[in-house]
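As you go down the protein sequences, you meet chains A and B in turn. Using my numbering, the first residue of the first sequence is number 1, and each one after it goes up by one. Using my numbering, the first residue of the second sequence is number 229, and each one after it goes up by one. Positions of the beta carbon are idealized from the N, C-alpha and C atoms, including for glycine. Just so you know, these numbers come straight off a predicted model, no measurement behind them. Data first, discussion second: the structure below is written as structure tokens.
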Amino acid sequence: MTENRMMVRVQIMGESYEVPEGSTIIMAMEYAGYQLKRGIGCREGFCGACATLYREKNDYKIKGGLACQTVVTDGMVIAQIPFVPAEKPVYNITELTPDIDTIKAIFPTVFRCVACNTCTKACPQDMEVMDYIQALKRGNIERAADLSFDCIRCGLCALRCPAEIVQYHAGTLARRLYGRYLAKKSPEIEERIKEVKEGAYDGEFEELESMSREKLSEKYYSREIKLK
Amino acid sequence: MEISYFPGCTLKTNGRNFEGTALPLLELFDIHAKELDDWYCCGVSFSQSADNLMQQIAPIRTLVKAKESGNTRLLTLCAMCYNTLQRAIFFIKSDEDKRDIIHDFMYREGTKFYGDEVEVVHLLTLLKEIGSEEIKKRVKKKVDEFKIAPYYGCMLLRPKEVAIDSSNAPEIMEEILEAAGCETTYFPFKTECCASYQIVNNSEIVKARTKKIVNSAVKNGADVIVLSCPLCFYNLDEIQIEIKKEDKNFKTIPVLYFTQILALLMGIKSEVNNFSLHYIDPTPVLKRKGLL
Ligand code: SF4
Ligand code: SF4
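Spelled out as structure tokens, the structure:
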């Protein structure tokens, strides 16, 4: 009886299982005997590999989340998604211009957005997905890059979009265009790259590489962070 | 004075000559158009289908932004955006059931919109409110024998509920341009439809319409056509090039946004006109008339 109270009943891919209360969906699936090879990654909510769709008891809404971050509830119905078969256009970033014509050519579907906000509701990162798509529609690459910055490319937005837009790939293009053409250049980086190439830090690296784990750890925690 | 401003997508791209001239113009009257944050494309044309709820969401979201901005008078320049936003207001006011469905659909955002909270105003209406006297005061250049044909198309006039002036015989553009010292010319096709989105699937219709409209303006002695809709602009401007290819006798005429003429008359630097966005080059006639 004691054990029963700590268990919840969930449905995973159509089968019913009892799993420990408080488990994440990933933990619940493994508890139920699944060996996950696809749709699993860092288990820390960073990589975006474990998109999942689920529904909770007495709720008609299908929700999305990351299986490693979403805790199961009693009566939950879970469908783990191995991967999202979204279209991924191929382009050469060095041949593009950071403007609306590029968006039109590579992601014409962006212009079908009806501003339903379904993508935003689906996003486990709580990002303003619709807003970054709308920014692209206006040709505001910088805004789109900024708003899509936290995207982990889980694909849930694209799965729910009625206009069949692949938001995360479009957001990636925005960030690439921004990084390559629009971001302010940092002369410090150029300078540092030059120093690295010239071997200015080779000696220090060699020293670090030859240190014992303890010494390295001691050095790491006692390091001084210099800000210019 | 500050007024909320919805530019719409085209004014940020192909319509830069419109926004570029309109905003500095307003500054001359101490009106600062404050662009809404992260606004949404209005959907471009008001959906005519019976099941058009989804198409209403985008304009309504923009109206909600204006409501939340606290500055609830919302300025538009593009005639299309004006029409779509204004009709979304009528839509939400006139159908309670559909309004409830839309509110339910936006449950997560927790926003509601009933229609009366925001007033959409077109730039022409705003200039008319400012009045002829104030307009006159800001004019720096005088032009002689420069005949302008104002073209309204549909979006500012139809349907009647959203019309900024008489649907049949509008005069608002004439009033404003005349206040600025221009001569306007009447031509019977000024409220004729340019065939609008037919450009996408049947450009022949647009060609036929453009030919009629342009011929009529030319016959009535116009030097330029002015308007306030980016789609009319494209249809009347670019399509003339196509017509000319087929008909050597066809006489072309430059097309401009009405704000471009006003900006030139009021001495705003000419670069904001982005003349490279025009297919029929308006600079020769503007130079001849002393505006450039
Ligand atoms: S924007 Fe889309 S792909 Fe990126 S994290 Fe959100 S739902 Fe996932
Ligand atoms: S789900 Fe698709 S159509 Fe809806 S707001 Fe997001 S991108 Fe636009």
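Between which two residues does the alpha helix (DSSP H) holding S444(B) run? Annotation for S444(B): the continuous alpha helix (DSSP H) segment containing it runs S431 to K447.
With a floor of 3 residues, list each beta strand (DSSP E) that falls wholly inside the segment 29 to 92 of chain A, ordered by position along the chain. Taking only runs of at least 3 residues, the beta strand (DSSP E) segments lying wholly in the segment 29 to 92 of chain A are 51 to 55, 63 to 66 and 77 to 80.
Classify L182(A): buried if its beta carbon has 16 or more other beta carbons within 10 angstroms, exposed otherwise. With fewer than 16 other Cβ atoms within 10 Å, it is exposed.
Quick check: is any heavy atom of ligand 1 less than 8 Å from the C-beta of P20(A)? Proximity of the beta carbon of P20(A) to ligand 1 is not indicated: no heavy atom of the ligand is located closer than 8 Å.
On the criterion of 16 or more Cβ atoms from any shown chain inside 10 Å, does P512(B) qualify as buried, or is it exposed? Around the beta-carbon of P512(B), fewer than 16 other beta-carbon atoms lie within 10 Å, marking it exposed.
When DSSP labels each residue in this structure, what does F234(B) get in the three-state scheme? In the displayed model, F234(B) falls within a strand according to three-state DSSP.
Residues passing the C-beta test against ligand 2 heavy atoms, cut-off 7 Å: Checking every Cβ against the heavy atoms of ligand 2 under 7 Å gives R112(A), C113(A), V114(A), A115(A), C116(A), N117(A), T118(A), C119(A), T120(A), V129(A), M130(A), I133(A), C157(A), R160(A), C161(A), P162(A), A163(A), I165(A) and Q167(A).
Reducing DSSP to helix, strand and coil, say where K515(B) ends up. The answer is helix: DSSP assigns K515(B) an H, G or I state.
Quick check: is the beta carbon of A294(B) nearer than 9 Å to any beta carbon in chain A? No, A294(B) does not count as interfacial toward chain A.
Do E361(B) and A407(B) have their beta-carbon atoms positioned less than 9 Å apart in this structure? Yes, these two residues count as a Cβ contact at 9 Å.
Around the C-beta of N501(B), are 16 or more other C-beta atoms found within 10 angstroms, so that it is buried, or is it exposed? With a threshold of 16 other beta carbon atoms within 10 Å, N501(B) meets it and is buried.
Residues that C119(A) contacts on chain B, provided the C-beta gap is smaller than 7 Å: From the beta-carbon of C119(A), no residue of chain B is found nearer than 7 Å; the closest lies around 12 Å away.
Taking only heavy atoms of ligand 1 into account, decide whether any of them is closer than 8 Å to the Cβ of S148(A). Under cutoff, so the answer is yes.
Three-way DSSP call (helix, strand, coil) for M7(A) in this model: M7(A) falls in the strand class under three-state DSSP.
Measure the alpha-carbon distance for I469(B) versus I508(B) and round it to whole angstroms. One Cα belongs to I469(B), the other to I508(B), and the distance between them is close to 8 Å.
According to DSSP, what are the bridge partners of Y17(A)? Answer by DSSP bridge pairing, in chain order: V10(A).
According to DSSP, is P252(B) part of a helix, a strand, or is it coil? The DSSP-derived three-state label of P252(B) is helix.
Which class does R223(A) belong to by DSSP, given the choice of helix, strand or coil? Three-state result, R223(A): coil.
Do the segment 413 to 427 of chain B and the segment 458 to 474 of chain B meet, that is, are 3 or more Cβ pairs less than 8 Å apart? Three or more beta-carbon pairs drawn from the segment 413 to 427 of chain B and the segment 458 to 474 of chain B are found closer than 8 Å, and the two stretches are therefore classed as touching.
T73(A) and V10(A): beta carbons closer than 9 Å? The Cβ-Cβ distance between T73(A) and V10(A) falls below 9 Å.
Is the beta carbon of C68(A) sitting closer than 9 Å to the one on I25(A)? The answer is yes: Cβ separation under 9 Å.
With a threshold of 9 Å between beta carbons, is R289(B) in contact with chain A? At a cut-off of 9 Å, the C-beta of R289(B) has a neighbouring C-beta in chain A.
Just to confirm, are S148(A) and Q167(A) a CB contact at a threshold of 9 Å? Against a cut-off of 9 Å, the Cβ pair of Q167(A) and S148(A) comes out as a contact.
Can you tell me whether DSSP reads A105(A) as helix, strand or coil? A105(A): helix per DSSP, three-state reduction.
Could you check which residue in F46(A), Y60(A), V114(A) and M76(A) has the C-alpha nearest to that of E164(A)? Comparing Cα-Cα distances from E164(A) to each of F46(A), Y60(A), V114(A) and M76(A), the minimum goes to V114(A).
If I measure Cβ to Cβ from I496(B) and keep anything under 8 Å in the same chain, skipping five residues before and after, which residues do I get? If we look at I496(B) and ignore the five residues flanking it on each side, its Cβ neighbours are T249, P252, L253 and L256.
Report the CB separation of L352(B) from I400(B) in whole angstroms; it is logged as a contact under 8 Å. In this structure L352(B) touches I400(B) by the C-beta definition: roughly 5 Å separates them, less than 8 Å.
By the three-class DSSP mapping on this structure, what secondary structure does I467(B) have? Three-state result, I467(B): helix.
Where L216(A) falls: helix, strand or coil (DSSP): Residue state, collapsed to three classes: helix.
Let me confirm a value: D131(A) is counted as buried when at least 16 other C-beta atoms fall within 10 Å, else exposed. Which label applies? Per the 10 Å Cβ criterion, buried.
Strictly under 9 Å for the Cβ-Cβ distance: is F333(B) near chain A by that measure? For F333(B), a Cβ of chain A is located within less than 9 Å of the residue's own Cβ.
Short-range partners of chain A found in the segment 303 to 320 of chain B, where Cβ spacing is below 8 Å: Here the close residues number zero.
Let me check understanding here. Comparing Cα to Cα, which of N117(A), R153(A), D126(A) and T102(A) lies closest to L136(A)? Measuring from the Cα of L136(A), the nearest candidate turns out to be T102(A).
Is it right to say T97(A) is buried, meaning 16 or more other beta carbons lie within 10 angstroms of its own, or is it exposed? Burial call: exposed.
So with Cβ pairs under 9 Å, would you call R516(B) a contact of chain A? Not one beta carbon of chain A lies nearer than 9 Å to the beta carbon of R516(B).
On the CB-based measure, 16 or more other CB atoms within 10 Å of its CB, does E403(B) come out buried or exposed? By the neighbour-count criterion, in which 16 or more other beta carbons inside 10 Å mark a residue as buried, E403(B) falls on the buried side.
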